[in-house]
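Chains as they are written, first to last, in the working numbering: chain D, 91 to 285; chain S, 91 to 285. Don't be surprised by glycine CBs; every beta carbon is placed ideally from N, CA and C. What you are looking at is a predicted structure, and each value in this text was computed from that prediction instead of being measured. Here the structure comes first, spelled out in structure tokens, and everything after it is commentary.
Written as structure tokens, this is what we have:
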């Protein structure tokens with residue numbers, strides 16, 4: 091099981107880390123001990139909006155052989171949706187069966203064409219911007235539609251991580267992870283829409 | 091307003107980033123535009139349990155002149171509580187009026203003697219380990235006792251960030267930040283104990 095995490099300048103670090111904290115527990119709690127996680131960058135230097143550096147494994151590798159791809163949101167998305175080189179690179183993830191984003195990361199999935207005929211969500215301030223890419227913008231914490239999982243504002247990053255754990259291993263395992271993180275209520279009571 | 095963040099090998103990244111995401115919004119939303127945040131390490135190389143590197147500003151500086159100090163939890167705490175050099179360094183934060191931790195970070199506040207005559211909390215698996223340092227272990231999401239703020243398991247990191255925003259600027263501002271992060275319910279409904 092190989093997870094590609096796509097990172098770029100001016101991402102929101104909590105979008106990334108809320109997701110990875112849950113996901114990495116698939117390894118430490120031995121639900122998915124052979125899970126491999128790699129960080130792939132658009133350009134070599136990556137830091138969040140506040141200058142927190144993110145170390146990367148490779149720059150612009152072909153993404154087609156991965157089992158799942160995750161992309162966080164952030165201010166950087168506003169320019170990347172218009173960046174043809176970035177969009178072309180991200181399209182190498184076309185055949186990945188599970189594509190996941192948090193917050194404005196869904197704008198990037200949209201720019202790559204991955205949200206065509208799919209319902210999706212994003213940060214509540216960016217619903218209008220997402221409309222152009224998707225069959226329907228759903229106002230929910232998390233939307234899953236046939237291989238596309240999108241989350242709302244930054245605080246959904248943990249929920250998106252837990253939901254991805256559920257897809258990969260089952261609800262029982264995801265709930266065990268949620269409990270370990272001290273967050274079973276968020277996992278149980280979130281507004282999750284599955285199509 | 092100067093915030094010192096103490097980092098060390100084998101910390102839990104979400105403990106740190108859940109807190110800083112909320113806190114940095116004090117700057118971007120202009121509630122506290124002159125807030126300065128610096129990362130101070132016990133040793134120069136710092137990464138989380140999964141090898142995610144954390145860049146630091148200084149190694150073992152004197153902490154006495156800061157307005158608040160934050161320390162995340164992580165597996166590294168289990169050895170640091172017995173590390174006399176680390177504990178001596180952390181004690182340079184003695185006079186900082188507001189000391190904050192998430193998860194097992196409170197064990198480090200305890201090892202430095204900061205929890206004497208204070209109630210505190212930690213990850214639910216480590217209540218027994220915290221007993222030796224504090225007047226009372228409180229089983230809550232967040233405990234505030236006269237300048238000491240401690241959070242529970244990793245998922246409370248955002249709550250601890252929001253509560254710190256509340257202490258620094260007020261409840262209205264903290265709620266605005268919680269809404270921006272998409273998390274007003276967690277902020278309103280959490281089990282917060284103030285003494």
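Taking residue 263 of chain S as part of the beta strand (DSSP E), name the residues at either end of that continuous run.
Counting along the chain, residue 263 of chain S falls outside any beta strand (DSSP E), though it belongs to the alpha helix (DSSP H) covering 261–270.
Is it true that the CB of residue 166 of chain S sits closer than 8 angstroms to the CB of residue 100 of chain S?
Cβ distance < 8 angstroms, so residue 100 of chain S and residue 166 of chain S count as in contact.
Can you round the beta-carbon distance between residue 216 of chain S and residue 194 of chain S to whole angstroms, since I take them to be within the 8 angstroms contact cut?
Right, their Cβ atoms sit about 6 angstroms apart.
Just tell me which of S/107, S/270, S/123, S/236 has its CA closest to the CA of residue 138 of chain S.
Residue 138 of chain S has its Cα closest to that of S/107, out of S/107, S/270, S/123, S/236.
Measuring only the C-alpha atoms, how far is residue 271 of chain S from residue 279 of chain D?
Their backbone Cα atoms lie some 17 angstroms apart in a straight line.
When you compare the CB of residue 256 of chain S with every CB in chain D, is at least one pair closer than 8 angstroms?
By this cut-off, residue 256 of chain S is not an interface position.
Which residues, taken in chain order from the segment 94–121 of chain S, show a beta carbon closer than 7 angstroms to some beta carbon of chain D?
If the cut-off is 7 angstroms between Cβ atoms, the segment 94–121 of chain S has 103, 104, 107, 108, 111, 114 near chain D.
Does residue 161 of chain D come within less than 8 angstroms of chain S when only Cβ atoms are used?
No, no contact with chain S.
CB residue 190 of chain S to CB residue 246 of chain S, shorter than 8 angstroms?
No; because the gap between Cβ atoms is not below 8 angstroms, this pair is not in contact.
Does the distance from the C-beta atom of residue 196 of chain S to that of residue 183 of chain S stay below 8 angstroms?
Cβ distance not < 8 angstroms, so residue 196 of chain S and residue 183 of chain S don't count as in contact.
In the DSSP output, what is residue 241 of chain D paired with across the bridge?
Its beta-bridge partners are D/232.
For the alpha helix (DSSP H) that contains residue 223 of chain D, what are its first and last residues?
Looking at the DSSP string, residue 223 of chain D is not in any alpha helix (DSSP H), and its letter there is neither H nor E.
For residue 201 of chain S, count neighbouring Cβ atoms within 10 angstroms of its own Cβ and tell me buried if that reaches 16, exposed if not.
Result: buried.
Give me the subset of the segment 230–249 of chain D whose CB atoms are less than 7 angstroms from a CB atom of chain S, sorted by chain position.
Those would be 242, 243, 244, 245, 246, 248, in chain order.
Quick check: the Cα distance between residue 125 of chain D and residue 92 of chain D, rounded to an integer number of angstroms?
Whole-angstrom Cα-Cα distance: 6 angstroms.
First and last residue of the alpha helix (DSSP H) that includes residue 114 of chain D?
Segment 103–118, the alpha helix (DSSP H) holding residue 114 of chain D.
Could you confirm whether any beta carbon from chain S is found closer than 8 angstroms to the beta carbon of residue 272 of chain D?
Chain S contact via Cβ: present.
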